[in-house]
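Visitor:
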Amino acid sequence: MALKTDKKRSKAGIGYQEFFDLMDKDPDKTRLVLVHGDENYLAEQIISRMEDYWIAPGGRDMDMNVIDTRFSDKFDMDRLIDAAMCVPWMSKARLVVVKGADITAYQATDKQLEFLKELPSGCAVVFWDQDAKFKASTTVYKAIAASGVVVATPIGNEREVADWIRSKVQNDGYRTDDRCAVSIAGRCQYSLMTVSHELEKLYLYCDARNTHNLTYEMIEECCPPDFTAVVFDIMDSCGTGSADKALSTLSRLLSAGEPVARLRSTVVGYLRKLIIAKELGNAEALATELGMHPYPAGKMVRQVNNFTMDKLIKLYIDGANYDSEFKHGNIDERMALELLIIAACGVR
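Just add 391 to the spot in the sequence shown (first one is 1) and you have the numbering used here.
(1) Determine the DSSP secondary structure at methionine 584, reduced to helix, strand or coil.
(2) When the Cα atoms are used, what is the spatial distance from glycine 577 to isoleucine 556?
(3) Do you know offhand how far aspartate 624's Cα is from isoleucine 446's?
(4) Restricting to Cα atoms, I'd like to know which of Pro615, Leu662 and Arg566 is closest to glycine 648.
(5) Can you check whether the CB of valine 531 is closer than 8 angstroms to the CB of isoleucine 494?
(6) Evaluate methionine 726 with the Cβ neighbour count: other Cβ atoms within 10 Å of its Cβ, from every protein chain shown; 16 or more gives buried, anything less gives exposed.
(7) With which residues is alanine 711 paired in a DSSP beta bridge?
(8) To the nearest angstrom, how far is it from the Cα of asparagine 601 to the Cα of asparagine 562?
(9) Could you tell me the alpha carbon to alpha carbon distance between serine 633 and asparagine 721, rounded to whole angstroms?
(10) Span of the beta strand (DSSP E) holding leucine 641?
(11) When DSSP labels each residue in this structure, what does alanine 543 get in the three-state scheme?
(12) Assign aspartate 520 to one of three DSSP states: helix, strand, or coil.
(13) Does the stretch 653-668 come into contact with the stretch 702-712, if we say contact requires no fewer than three beta-carbon pairs (one atom in each stretch) closer than 8 angstroms?
(14) Spatial neighbours of valine 622 within its chain, please: C-beta separation below 6 angstroms, excluding the five flanking residues on both sides.
(15) With a threshold of 8 angstroms, are at least 3 pairs of Cβ atoms found where one atom belongs to the stretch 422-435 and the other to the stretch 533-553?
(16) By the DSSP assignment, the beta strand (DSSP E) with methionine 481 in it spans what residues?
(17) Tell me which same chain residues have a C-beta within less than 8 angstroms of the C-beta of aspartate 729, skipping the five on either side of it?
(18) Provide the residue span of the beta strand (DSSP E) that contains asparagine 456, from first to last.
(19) To the nearest angstrom, report how far apart tyrosine 407 and leucine 413 are at their CA atoms.
(20) Report yes if the CB atom of phenylalanine 466 is closer than 8 angstroms to the CB atom of alanine 499, and no otherwise.
(21) What are the boundary residues of the alpha helix (DSSP H) that includes leucine 731?
(22) Report buried or exposed for leucine 593, applying the criterion of at least 16 other Cβ atoms within 10 angstroms of its Cβ.
(23) Is it a yes or a no for the stretch 452-464 touching the stretch 563-577, going by three-plus beta-carbon pairs under 8 angstroms?
(24) Measure the alpha-carbon distance for valine 478 versus alanine 537 and round it to whole angstroms.
(25) Taking only three categories from DSSP, how would you classify leucine 368?
(26) With C-beta atoms as the reference, is glutamate 675 less than 8 angstroms away from proline 687?
(27) Express the C-alpha separation of threonine 585 and leucine 507 in angstroms, rounding to a whole number.
(28) Can you tell me whether cysteine 579 is helix, strand or coil according to DSSP?
(29) If glutamine 468 sits next to glutamine 503, beta carbons under 8 angstroms apart, how far is it from one beta carbon to the other, in whole angstroms?
(30) Residues in its own chain within less than 6 angstroms of lysine 483 by CB, not counting five upstream and five downstream?
Structure representation (structure tokens):
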């Protein structure tokens, strides 16, 4: 179930599947690892894989240290070194996991850098940081990259996550289709951690009904709203001039407690995609350009025939202007969204 990460979005490092392959072929090269990115699910999978390899069954309490500085004091490299130098009791190596240290920005001493370059044979170390403070030009990063492995775990795009869902569902012994996979991906904002939780819920739903077929109706009943699908429906109504239907769809979603800000942002982002779809005029090209799954890309290319390019650009500019008016306190946020939708309904 490899998630193919887009090289343009990966600042530095191999993908997680490449890391797993490396562990299978030459695990000693994976004793020093830096995982960076915003896809927490993949980071957890990497740490779990390292634990499975380096730590003996029942040896976690004695041979594994977790230093989590995300919600506590600043990271201290000497604390890591002290833990790593302890001889493992039962395992192949002592595993030290460091979370949230912003290690690439750490001001390490020469002695600490030397430790990273010459990691003791009895330990394995994995750093896990978010991308926000990742720096690929520091001495610490260079020391880790030279002696160990850097793994990038960015959030996947629609196509990557939908394909991952199809593969996982099949491997888990269930069935679904492209429409369902795309819908789950959108509802979970492309987070594999959220996707995995939603799939577990859907599997329980299937089991209770003695079926292995995961349907769209089940997703509608069990999962959060699909903002992208709702916006597609709204814009479909706008394309045929059905303002009442478009506003009714919007009202139902807002009445369910969904935030106006998120929906407004999704609408404006969708307008940008429609502009690109109009320019390309081809579903395959659109899917490649935006990292979309072919299924919604085809629907979007058909939908955009109801709009002219000039009017799409005007709507996008209107969206930006309404955003400015809202931020300056000149208009209510919901009113700004409704005015944009009404304007779209007048466009053919």
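Using N, Cα and C, we set each Cβ at its ideal position, and we do this for glycine too.
Guide: In terms of the structure at hand:
(1) Within the sequence shown, the letter at position 193 stands for residue 584. In this structure, methionine 584 counts as helix in the three-state DSSP scheme.
(2) If you number the sequence shown from 1, residue 577 lands on position 186. If you number the sequence shown from 1, residue 556 lands on position 165. Near 11 angstroms, if we compare the C-alpha coordinates of isoleucine 556 and glycine 577.
(3) By 1-based counting over the sequence shown, the position of residue 624 is 233. By 1-based counting over the sequence shown, the position of residue 446 is 55. Pairing aspartate 624 with isoleucine 446, the inter-Cα distance amounts to about 51 angstroms.
(4) As a working mapping, residue 648 is identified with position 257 in the sequence shown. If we check each option's Cα against that of glycine 648, Pro615 comes out closest.
(5) Here residue 494 is taken as the residue at index 103 of the sequence shown, counted from 1. Here residue 531 is taken as the residue at index 140 of the sequence shown, counted from 1. The beta carbons of isoleucine 494 and valine 531 sit closer together than 8 angstroms.
(6) The sequence position of residue 726 within the sequence shown is 335, counting from 1. With fewer than 16 other Cβ atoms within 10 Å, it is exposed.
(7) Working through the sequence shown from its first residue, we reach residue 711 at position 320. According to DSSP, which records beta bridges pairwise, alanine 711 is partnered with nothing at all.
(8) Against the sequence shown, residue 601 aligns to sequence position 210. Against the sequence shown, residue 562 aligns to sequence position 171. Distance between the alpha carbons of asparagine 601 and asparagine 562 is about 18 angstroms.
(9) Residue mapping note: residue 633 aligns to position 242 of the sequence shown, counting from 1. Residue mapping note: residue 721 aligns to position 330 of the sequence shown, counting from 1. C-alpha of serine 633 to C-alpha of asparagine 721: approximately 27 angstroms in a straight line.
(10) On the sequence shown, residue 641 is found 250 positions in, with the first residue counted as 1. Segment 634-646 is the alpha helix (DSSP H) holding leucine 641; no beta strand (DSSP E) there.
(11) Residue 543 sits at position 152 when you count from the first residue of the sequence shown. Here alanine 543 carries a strand assignment [DSSP, helix/strand/coil].
(12) Against the sequence shown, residue 520 aligns to sequence position 129. Annotated three-state conformation of aspartate 520 is strand, per DSSP.
(13) With a cut-off of 8 angstroms, the stretch 702-712 and the stretch 653-668 count as touching, because enough Cβ pairs lie within range.
(14) Numbered from its first residue, the sequence shown carries residue 622 at position 231. Excluding residues within five positions, the ones whose Cβ falls inside 6 angstroms are Thr657, Val658 and Tyr661.
(15) Yes, since at least three Cβ pairs between the stretch 422-435 and the stretch 533-553 fall closer than 8 angstroms, the two stretches touch.
(16) Along the sequence shown, read from residue 1 onward, the residue named residue 481 stands at position 90. Unbroken run through methionine 481: none, as it is neither H nor E.
(17) Residue mapping note: residue 729 aligns to position 338 of the sequence shown, counting from 1. The residue asked about is misnamed: residue 729 is glutamate in this sequence, not aspartate. For glutamate 729, where only same-chain residues beyond five positions count, the Cβ hits under 8 angstroms are Leu638 and Leu641.
(18) Looking up residue 456 in the sequence shown gives position 65. From DSSP, the beta strand (DSSP E) with asparagine 456 extends over 455-459.
(19) Numbered from 1 along the sequence shown, position 16 holds the residue referred to as residue 407. Numbered from 1 along the sequence shown, position 22 holds the residue referred to as residue 413. Rounded to whole angstroms, tyrosine 407 to leucine 413 spans 10 angstroms at the Cα level.
(20) Sequence index remark: in the sequence shown, residue 466 carries index 75 (1-based). Sequence index remark: in the sequence shown, residue 499 carries index 108 (1-based). Not a contact, by the Cβ cut-off of 8 angstroms.
(21) Translated into positions along the sequence shown, residue 731 becomes position 340. Here the alpha helix (DSSP H) through leucine 731 covers 724-736.
(22) Position 202 of the sequence shown, counted from the first residue, corresponds to residue 593. Burial call: buried.
(23) Contact between the stretch 452-464 and the stretch 563-577 is absent, with fewer than three C-beta pairs closer than 8 angstroms.
(24) By one-based count along the sequence shown, residue 478 stands at place 87. By one-based count along the sequence shown, residue 537 stands at place 146. So the alpha carbons of these two residues sit roughly 25 angstroms apart.
(25) Beyond the ends of the chain as shown, which are 392 and 739, falls residue 368; an answer cannot be given.
(26) As a working mapping, residue 675 is identified with position 284 in the sequence shown. As a working mapping, residue 687 is identified with position 296 in the sequence shown. Their beta carbons are not under 8 angstroms apart, which means glutamate 675 does not touch proline 687 by this criterion.
(27) Position 116 of the sequence shown, counted from the start, is the residue given in the question as residue 507. Position 194 of the sequence shown, counted from the start, is the residue given in the question as residue 585. About 34 angstroms.
(28) On the sequence shown, residue 579 is found 188 positions in, with the first residue counted as 1. In the structure shown, the three-state DSSP call for cysteine 579 is coil.
(29) Residue 468 sits at position 77 when you count from the first residue of the sequence shown. Residue 503 sits at position 112 when you count from the first residue of the sequence shown. Checking the sequence shown, residue 468 turns out to be methionine, not glutamine. By a beta-carbon distance limit of 8 angstroms, methionine 468 contacts glutamine 503. Their separation comes to about 5 angstroms.
(30) In the sequence shown, residue 483 corresponds to position 92, counting from 1. The beta carbon of lysine 483 sits closer than 6 angstroms to those of Trp445, all from its chain and outside the five residues before and after it, given in chain order.
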